[in-house]
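As structure tokens, the structure follows; a few thoughts come after it.
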Amino acid sequence: MHFFYLILAIPTFFCLICSFNKSLEMSKVHRLMQNECKICYGNLTTFNLSCPFLSQTYHSERHTGQYYTLPAAHIQKLFPHGLPPRFQLQIKTFNEGCVMVRPPALELISYLKKADYSKPPLRYILYGDVGTGKTMCLSHALHYCYTQGWLIVHISDAHLWVKNCKELLPSSSRPSRFDQPIQASQWLKNFKITNERFLSKVQLGYVWTKRERTEKGQPLGELVDQGVNRMKSSSDVVGAVLRELRLQAGGATEGEGAFKLAVAVDGLNALWGKTSLKKEDRTMCEPEELTLIHNVRKMMKNNWSGGAILTALSQTGSLFKPQSAYLPSELLGEEGFDNMEPFVPVSVSNYNEKEFESCYLYYLDRNWLQHSHSRSEEGKKELIFLSNKNPSILERLCAFL
């Protein structure tokens, strides 16, 4: 009798062995993918979240809707100013920074791969309705540039420079302009964190006051430190740094001096909009009167080479513009549109079916959707109806479930 039961147990035993071997092989595959794909690795067992490649260089249309993980070290270096507040909260909650691979970001990256950097930079403008993910698509493209060794000039929200400024001082070098030392100093600190490896580049000499000067041939890092430590001259230092980068970008085809320059501005329309800042005589300050805005506008010109200009329009924080406006011609106005032409428009729209499904499953997997009804098919249809597949609205709805 015991022999009979032993015979019956043999197939089960072999099934267990096969199952163990299979799980062992899958574990090896997972470990291999983690070792090979430190940038794009995700959970291979969770609805295709991973992108099994070395970097965003290999992201293509077949990866649309999948998530890839931003390494914590890259977030700290590339985005020291922080990512969008709601996304930062999600990073803290999930203990990971996962970014969805979306068509607009792929389109922008494909343009960057094909561009001729010996010629003036192409200008790209991401535009779309409120909450469609323009900032995250711009961040994806910036992360691509960062992993490819580009020097990054990033203004994370230009609207913050034209409103609610705590300190507005007459410029010491240009009487007709106004300095924003707090904003300038903070931007220089973030620039230093992101581009530390480039700060040994040589730059020209500058005279700041009768007693202060930066000698010719000093590293770019010393110029940045000058602005961080001497807040009074920080706005002028920002202009000097940007000028040096325009002169040196693409200046060498090979060797230590070669670098590509990515100039990224979120909230581009702030450069040609209106401000909420008032002068001493209580009249409104125009954007071109601000030293920081004046210098960033220079970076938007295509009179230099060796890089690309990546921008996004934003209704959030935009002053004196209707909430329904989202087209470049509407948000930039005539002056801004004329200054940015010619440019490559990249439309960012709401999620498609595949992207919505991927986002919904991601929230389910991370137990972000706690309500039992939200896990049903009817609940999913309600989320589609209420959000209209808008990424921002969907995230806010799911936060309460």
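Read left to right, the sequence shown gives residues -19 to -1, 1 to 382 (mature numbering (1 follows the signal peptide of the UniProt record, and there is no 0)). C-beta: ideal position from N, C-alpha, C; glycine also. Note that this is a predicted model, so its numbers are computed, not measured.
{"Asked": "Compare the beta carbon distance of residue 255 and residue 324 with 7 Å and say whether it is the shorter of the two.", "Found": "no"}
{"Asked": "Expressed to the nearest angstrom, what Euclidean distance is found between the alpha-carbon atoms of residue 299 and residue 251?", "Found": "7 Å"}
{"Asked": "Going by DSSP, which residues form a beta bridge with residue 48?", "Found": "81"}
{"Asked": "With DSSP collapsed to three states, give me the class of residue 213.", "Found": "helix"}
{"Asked": "Just checking my contact of residue 84 with residue 288 at CB under 8 Å: how many whole Å lie between their CB atoms?", "Found": "With a Cβ gap of about 24 Å, residue 84 and residue 288 do not count as contacting."}
{"Asked": "If contact is defined by three or more beta carbon pairs under 8 Å, each pair taking one atom from either stretch, is the region 260 to 267 in contact with the region 57 to 73?", "Found": "no"}
{"Asked": "Please state whether the Cβ-Cβ distance between residue 343 and residue 241 is less than 7 Å.", "Found": "no"}
{"Asked": "Where do the ends of the alpha helix (DSSP H) carrying residue 306 lie?", "Found": "Run containing residue 306: none; DSSP gives neither H nor E here."}
{"Asked": "Between residue 23 and residue 142, what straight-line distance do the alpha-carbon atoms span, to the nearest angstrom?", "Found": "Below a pLDDT of 50, predicted positions are generally treated as unreliable, and residue 23, at 36, falls in that range; the measurement from the model is reported next regardless. Going by the C-alpha atoms only, they are around 37 Å apart."}
{"Asked": "What residue ranges within the region 50 to 75 form continuous alpha helix (DSSP H) runs of no fewer than 4 residues, ordered along the chain?", "Found": "53 to 59, 66 to 75"}
{"Asked": "Residues in the same chain with beta-carbon distance under 7 Å from residue 26, minus the five sequence neighbours each way, listed in chain order, please.", "Found": "Because the pLDDT at residue 26 is just 26, under 50, the model does not fix this residue reliably, and the value given afterwards should be weighed accordingly. Taken in chain order, the list of residues that qualify is empty."}
{"Asked": "Looking at residue 116: is its Cβ nearer than 7 Å to the Cβ of residue 330?", "Found": "no"}
{"Asked": "Do you know how far the Cα of residue 178 is from the Cα of residue 311?", "Found": "39 Å"}
{"Asked": "Which one of 104, 46, 219, 379 has the shortest CA to CA distance from residue 317?", "Found": "104"}
{"Asked": "Where are the alpha helix (DSSP H) runs, 4 residues long or more, that stay fully inside the region 126 to 207, in chain order?", "Found": "162 to 175"}
{"Asked": "Determine the contact status of residue 106 and residue 372, defining contact as a CB-CB distance below 7 Å.", "Found": "no"}
{"Asked": "Taking the alpha-carbon positions, what's the residue 181 to residue 223 distance?", "Found": "15 Å"}
{"Asked": "Which one or two residues does DSSP pair with residue 219 in a beta bridge?", "Found": "Residue 219 is not bridged to any residue."}
{"Asked": "By the DSSP assignment, the alpha helix (DSSP H) with residue 111 in it spans what residues?", "Found": "From DSSP, residue 111 is part of no alpha helix (DSSP H); its letter is neither H nor E."}
{"Asked": "Between the alpha carbons of residue 279 and residue 73, how many angstroms are there, rounded?", "Found": "37 Å"}
{"Asked": "Could you check how far apart the C-beta atoms of residue 158 and residue 272 are, in whole angstroms? I think they sit under 8 Å.", "Found": "5 Å"}
{"Asked": "When we look at the beta-carbon of residue 276 and count the other beta-carbons within 10 Å, is it buried (16 or more) or exposed?", "Found": "buried"}
{"Asked": "Just grab the DSSP bridge partners of residue 326 for me.", "Found": "106"}
{"Asked": "For the alpha helix (DSSP H) holding residue 380, just list the boundary residues, first then last.", "Found": "372 to 380"}
{"Asked": "What alpha helix (DSSP H) runs, 4 residues minimum, are completely inside the region 223 to 306?", "Found": "272 to 281"}
{"Asked": "Can you check whether the CB of residue 54 is closer than 7 Å to the CB of residue 133?", "Found": "no"}
{"Asked": "Between the alpha carbons of residue 381 and residue 249, how many angstroms are there, rounded?", "Found": "32 Å"}
{"Asked": "Measuring straight from C-alpha to C-alpha, what distance separates residue 282 and residue 349?", "Found": "44 Å"}
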